[in-house]
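As structure tokens, the structure follows; a few thoughts come after it.
This is the structure we're talking about:
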């Protein structure tokens, strides 16, 4: 099977575009997290200038906005690599070799958990459960879930990513 | 050829994670090449994941299943006449006759895998909306009474009676009330919420409308973890359908009830599955838990009375109202009434969904349904109820699934997730992981959880490296007690459960022999 979906295309950061995203959520109750998720979906990350914009638009302190940005693991303040690879380290995946999978992923992607490789093609992260426990071990590439993972298949995935990013 | 043959390929994200999309494409291509008219239905999963991708064909005798299918098998399936239900290496016979499915008693998951999850016609044809219609003819009190009488308890893990929660919100005086569905299914080994949101999302919508009518809430939120992008997009599509059909909006099915429903996405924080942290997150803040009281039923979302229920608690309600509370309460044992959607996973030959009444033993679930370990090695233990649940040794698999029976055995049923480990599992490492997980996911509000979990990892590391084992085990027990007594919520309060279960059942893996210090230390 193909491991990769269409690579994600992100817009370049612009304050005008950011304000448009904020506008989309006018009228929603307690919209900050929704807006942050939307900003990240648009630009790939939360630009530092977004903090002041959100504070102003939502009548919050910058500290409050910053506090939310830093609380949630998904929210990132710098652009990720071309593909975001999340490896599940939950118990179900552990029971069928998640630890080994983490080791080989770090090898084939040439980066550590929580970092982006030097070519910036892959950001590797750990996650605790993808809800695919019956098909463990599981990983997720961007928004594509992959089950029955193995060290062999993770090497195939690395090859496929190399093919796309070369 | 005028006859259109229905072929089913699941759209569930787990099925897609092992190639269901590729198979759907291959089947469409083969059918086109052979000029055969088929209708390709992307259904939910039947929940028999070792057979996924599971392809079904509707024949005069019923639906015939084939699996696990790979894209390379598709041409051969056509050649052997699978469209007429004919035999093939991957043939499983009639789907409904597969023992795994035939031995279940599906109530909440009754529609799972039958049809396109977003087909209103199929939903109604299979009993959908009858719960809501019943609710519209009942008083608020009677709806709440029916839910109470059914005996259903919170399926998210805490097991609090759903009817009592609803009654509290109904009786609260407020200009605004909310219904929040907790779909932050973060526990490893649980995936039933995800399946339901992807495979029968209209049921969740129906259930939330009923809850809104029952307690007098006009606005609902479904808080879904960000790890479930397919569930989020399916729910959004389902909500749009709900509005188009006047289930949602100003006048629910033409009545004078109004109900609006929104989906909100989390952003990668396990703690937001704790109800007060979820409310904080819904309000756009850090997912830091609130001290209780006040209960969310009194002061919940934006300080208003709020029903917070798990996906499966809500999803059981429409059938309770449609068929009467006795239908539900007649199933189960003791104070655990109705069915539970057990989720089998880990090192298991036949992982999947098993919905049966409470009272079933672990042995039945793990060995009869699950078929023992996938690795063919002896099963050593099962962790039941998520990362905060106990590790139960195979010698205790005669335990019956029941909230109180499990509590008496220092374990918990939780959300019904069962993760199986074979004899290669290192239980000392599993105990360490419980503390590590808590240290990563703690919201940081209270000290026993925030610091206790870090100290827990350190103490277990010392034990595992053989340093002063006896003293460190005593320290670990003391630390666990402090976390149990002093934590504000279940995260810190239950993290000791898996740790203590390893000490109780596998003491030798934490350096002890027969509960005593190993002589060699």
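Residue numbers (our numbering), protein chains in the order written: chain A, 176 to 341; chain B, 82 to 602. Even glycine gets a Cβ: it sits at the ideal position worked out from N, Cα and C.
Check                                                                                                                                                                                            : Outcome
Label residue 170 (chain B) either buried or exposed according to how many other C-beta atoms from any shown protein chain fall within 10 Å of its C-beta, with 16 as the threshold for buried.  : exposed
Could you give the C-beta distance for residue 460 (chain B) and residue 495 (chain B), rounded to a whole number, given that I count them as a contact under 8 Å?                               : Rounded, the Cβ-Cβ distance is 19 Å, inconsistent with contact.
Can you say whether residue 413 (chain B) is buried or exposed, counting buried as having 16 or more other CB atoms within 10 angstroms of its CB?                                               : buried
List the residues of chain A whose Cβ lies closer than 9 Å to the Cβ of residue 33 (chain B), in chain order.                                                                                    : Past the boundaries of the shown model lies residue 33 (chain B); chain B is included only from 82 to 602, so the question cannot be answered.
According to the neighbour-count rule (16 or more other Cβ atoms, all chains shown, within 10 Å of its Cβ), is residue 559 (chain B) buried or exposed?                                          : exposed
State yes or no: is the C-beta of residue 243 (chain B) within less than 7 Å of the C-beta of residue 410 (chain B)?                                                                             : no
Taking 7 Å as the cut-off, decide whether the C-beta atoms of residue 180 (chain B) and residue 309 (chain A) are in contact.                                                                    : no
Just curious, the alpha helix (DSSP H) that residue 262 (chain B) is in, first and last residue?                                                                                                 : Unbroken run through residue 262 (chain B) is the beta strand (DSSP E), 259 to 264; no alpha helix (DSSP H).
Is residue 294 (chain A) helix, strand or coil when you go by DSSP?                                                                                                                              : coil
At the level of alpha carbons, what is the spacing between residue 351 (chain A) and residue 329 (chain B)?                                                                                      : Because chain A in this structure spans residues 176 to 341, residue 351 (chain A) falls outside the shown range and cannot be described.
What residue from B:446, B:237, B:488 has the CA that sits closest to residue 425 (chain B)'s CA?                                                                                                : B:446
Buried or exposed: residue 216 (chain A), going by 16 or more other Cβ atoms within 10 Å of its Cβ?                                                                                              : exposed
Which two residues bound the contiguous alpha helix (DSSP H) that contains residue 177 (chain A)?                                                                                                : Run containing residue 177 (chain A): none; DSSP gives neither H nor E here.
Tell me which residues of the segment 317 to 340 of chain A have at least one Cβ-Cβ distance to chain B shorter than 7 Å, keeping chain order.                                                   : 318, 320, 321, 322, 323
How many Å lie between residue 268 (chain B) and residue 303 (chain A) at the Cα?                                                                                                                : 8 Å
Pull up the DSSP beta-bridge partners for residue 263 (chain A), would you.                                                                                                                      : A:302
On the DSSP bridge assignment, give the partners of residue 391 (chain B) in chain order.                                                                                                        : B:263
Between residue 299 (chain A) and residue 288 (chain A), is the Cβ-Cβ spacing less than 7 Å?                                                                                                     : yes
Distance cutoff 7 Å, beta carbons only. Does residue 201 (chain A) sit that close to anything in chain B?                                                                                        : no
With a threshold of 16 other CB atoms inside 10 Å of the CB of residue 269 (chain A), please say whether the residue is buried or exposed.                                                       : buried
Beta-carbon of residue 296 (chain A) versus every beta-carbon of chain B: anything under 7 Å?                                                                                                    : no
Residue 357 (chain B) and residue 371 (chain B): beta carbons closer than 7 Å?                                                                                                                   : yes
In chain B, which residues lie less than 7 Å from residue 209 (chain A) when you measure between Cβ atoms?                                                                                       : 345
Is it true that the CB of residue 259 (chain B) sits closer than 7 Å to the CB of residue 385 (chain B)?                                                                                         : yes
Quick check on the DSSP output: the beta strand (DSSP E) that includes residue 319 (chain A) runs from which residue to which?                                                                   : 319 to 321
Would you call the segment 505 to 519 of chain B and the segment 570 to 580 of chain B in contact, with 3 or more CB pairs under 8 Å?                                                            : yes
Would residue 233 (chain B) and residue 419 (chain B) qualify as a contact pair, given that the criterion is a beta-carbon distance under 7 Å?                                                   : yes
For residue 82 (chain B) and residue 164 (chain B), I'd like the C-alpha separation in whole angstroms.                                                                                          : Residue confidence for residue 82 (chain B) is low, a pLDDT of 48 falling below 50, so the modelled location carries little weight; the figure read from the coordinates is stated next. Distance between the alpha carbons of residue 82 (chain B) and residue 164 (chain B): 13 Å.
Evaluate residue 198 (chain A) with the Cβ neighbour count: other Cβ atoms within 10 Å of its Cβ, from every protein chain shown; 16 or more gives buried, anything less gives exposed.          : exposed
What are the start and end residues of each continuous beta strand (DSSP E) run of 3 or more residues lying completely inside the segment 184 to 271 of chain B, in chain order?                 : 259 to 264
By Cβ distance, which residues of its chain are closer than 6 Å to residue 125 (chain B), with the 5 residues on each side in sequence left out?                                                 : 93, 193, 194, 198, 280
Below 7 Å on C-beta distance, what does residue 358 (chain A) contact in chain B?                                                                                                                : Look at the range of chain A in this structure, 176 to 341, and you will see that residue 358 (chain A) is not part of it.
Please identify the residue among B:350, B:252, B:467, B:406 whose C-alpha is closest to the C-alpha of residue 215 (chain B).                                                                   : B:406
Look up residue 182 (chain A) in the DSSP assignment and say whether it is helix, strand or coil.                                                                                                : coil
Would you say residue 367 (chain B) lies against chain A (beta-carbon separation less than 7 Å)?                                                                                                 : yes
Listed from N- to C-terminal order along the chain, which residues in the segment 108 to 127 of chain B have their beta-carbon within a distance smaller than 7 Å of any beta-carbon of chain A? : none
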